[in-house]
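Asks:
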Amino acid sequence: MKPKKKGINTICTHVGEVHDEQFKGAVSPLYMSSSYAYKDVAVKRYPRYFNTPNQEALGKKIAALEHKEAGMLFGSGMAAVSACLLAFLHQGDHVVVQHDIYGGTYNFIVEEFEKYGISYDFTNGLTKADFESKIQKNTKVIYVETPSNPLMRIIDLEMIHGLAKKHNLVSMIDNTFASPVNQTPHDFGMDIIIHSATKYMGGHSDICAGAVAASEAHMEVLWNFAKNTGGSLSDYTVWLLERSMKTMAIRVKAQNKNAKKMAKWLAAHTLIKKVYYPGLKNHPNHALAKKQMKGFTGMLSFELLPKMDSSAFLKHLKLIKPSMSLAGVESTMLSPAETSHALLTPEARAAQGISDGLIRFSVGIEETKDLQQDITQALEAVAKQQQKILA
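For what it's worth, the working numbering labels the leading residue of the sequence shown as 24, then goes sequentially.
(1) Helix, strand or coil: how does DSSP classify D144 here?
(2) Going along the chain, which residues of its own chain have a beta-carbon closer than 7 angstroms to the beta-carbon of L264, five neighbours each way excluded?
(3) Compare the Cα-Cα distances from I124 to each of P170, L108, S51, A87 and report the closest residue.
(4) Identify every run of the alpha helix (DSSP H) within the stretch 305-365, keeping only runs that are complete inside it and at least 4 residues long; order them along the chain.
(5) Under 8 angstroms, with one C-beta from each stretch per pair, do the stretch 103-113 and the stretch 158-168 reach the 3-pair mark?
(6) Counting only the same chain and skipping the five closest in sequence on each side, list residues whose C-beta sits under 8 angstroms from that of V419.
(7) Tell me the DSSP secondary structure of G94 in three-state form.
(8) Just how far apart, CA to CA, sit Y139 and N251?
(9) What does the alpha-carbon distance come out to for the pair S156 and T128?
(10) Can you have a look at A234 and say buried or exposed, based on whether 16 or more other CB atoms are within 10 angstroms of its CB?
(11) Would you kindly report the start and end of the unbroken alpha helix (DSSP H) that includes L245?
(12) Looking only at its own chain, which residues have a Cβ that is under 8 angstroms from the Cβ of L340, when we skip the five neighbours before and after it?
(13) Is L381 helix, strand or coil when you go by DSSP?
(14) In the DSSP assignment, find the unbroken alpha helix (DSSP H) run with K151 in it and report its ends.
(15) Which class does V405 belong to by DSSP, given the choice of helix, strand or coil?
(16) Between K222 and T260, what straight-line distance do the alpha-carbon atoms span, to the nearest angstrom?
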């Protein structure tokens, strides 16, 4: 009899545990050693080889969540992104990249690829024609991010898989904003799945990590590169990440629910110009998001009316933290122009549709009425200041 597929909470809780054979503890033991025996052993373990007991075990959880064969942990999300791109791209190769992606990834490509002799093109839009028009004879990789940071645009993953298959490309996706709880890109044919595990996998704003899930064949290519660049994750952080991931599905589902409530509330507010959230029916990619996502995430962004000072609004918040990063259990807001996309030129931000007044909102697990009260008092404070200026 074929074993039944485990539910996501069961995977989060049990898959990828290190079993305590000596004392039968309920949680994984932590192996802090940086030096392991190499004689008469089945596996030569070394932290930089991504195969210490804790690293290896948590990689299995990542793989199971993303329906892949193998998983690997990195020191940060950007360590995972850069390792994946450089492992599969070589001098003379070309990559097609979605135009609106995380600012750190954009900056890495623009600042670093030239020295490696790697060429690239950013798409002008999100359609099949936008991507296919950029593919060249030397294109090796197609890279996307959905939902995108910070405008929550949605890419058709089946379409990307079709292009990758047609042109013999490796498809990569940054799945951070969705998390495996809301989206499993493998089910739509994507090859390499990347996460900033700092975000929903960690979920408590207290660790920095990256994660990759892929087939055994693709993971071997990645490992052969990554072992030489030293981007592995410390075992203590691996242990903390495993602890955090046990509650990931519960946390993310609560954040999904809160974000949808907040998006609807903000969209109806007289001082809000626009809300970007794929769970809203008026989002241009709502139907696609509904098709390929199980939940619409805890992330959204919005713009105040032009007369409202977004910087002053953030300063007046009392409960919601104006803070960098995202996806913790606490709600946070930030200005992408000042943080996640600050390294882009104003022209590059404008090309992506990121205005200086855009605010990214990572919705936590608090009561939504409390979040609404905090936003209301901050908006009212800014409105009063504006009235005094105009008086």
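C-beta: ideal position from N, C-alpha, C; glycine also.
Replies: Here's the rundown:
(1) Here residue 144 corresponds to residue number 121 of the sequence shown, with the count starting at 1. Note: D144 maps to strand in three-state DSSP.
(2) Working through the sequence shown from its first residue, we reach residue 264 at position 241. Taken in chain order, the residues that qualify are L81, A220, M224, G225, I230, A232.
(3) Walking along the sequence shown from the start, residue 124 turns up at place 101. The candidate whose alpha carbon is nearest that of I124 is P170.
(4) Here the runs fully enclosed are 309-315, 333-339.
(5) At 8 angstroms Cβ cutoff, the stretches touch.
(6) The chain is shown only over 24 to 414; residue 419 falls outside these bounds and no answer can be derived.
(7) As a working note, residue 94 is residue 71 in the sequence shown. In this structure, G94 counts as strand in the three-state DSSP scheme.
(8) For the purposes of this step, residue 139 is taken as the residue at position 116 of the sequence shown. For the purposes of this step, residue 251 is taken as the residue at position 228 of the sequence shown. Rounded to the nearest whole angstrom, the C-alpha separation of Y139 and N251 is 16 angstroms.
(9) Working through the sequence shown from its first residue, we reach residue 156 at position 133. Working through the sequence shown from its first residue, we reach residue 128 at position 105. The straight-line gap from Cα to Cα measures roughly 22 angstroms.
(10) Translated into the one-based positions of the sequence shown, residue 234 becomes position 211. Its Cβ being crowded by 16 or more others within 10 Å, A234 is buried.
(11) The residue given as residue 245 occupies position 222 in the sequence shown. From DSSP, the alpha helix (DSSP H) with L245 extends over 239-252.
(12) As a first step, residue 340 must be located in the sequence shown, where it is residue number 317. Non-local C-beta neighbours of L340 in its own chain, meaning closer than 8 angstroms and more than five positions away in sequence, comprise M356, D397, I398, A401, ordered along the chain.
(13) Translated into positions along the sequence shown, residue 381 becomes position 358. In the three-state reduction of the DSSP assignment, L381 falls in the strand class.
(14) The sequence position of residue 151 within the sequence shown is 128, counting from 1. First-last of the alpha helix (DSSP H) with K151: 151-155.
(15) Counting from 1 along the sequence shown, the entry for residue 405 is found at position 382. Helix.
(16) By one-based count along the sequence shown, residue 222 stands at place 199. By one-based count along the sequence shown, residue 260 stands at place 237. Approximately 14 angstroms, taken between the alpha carbons.
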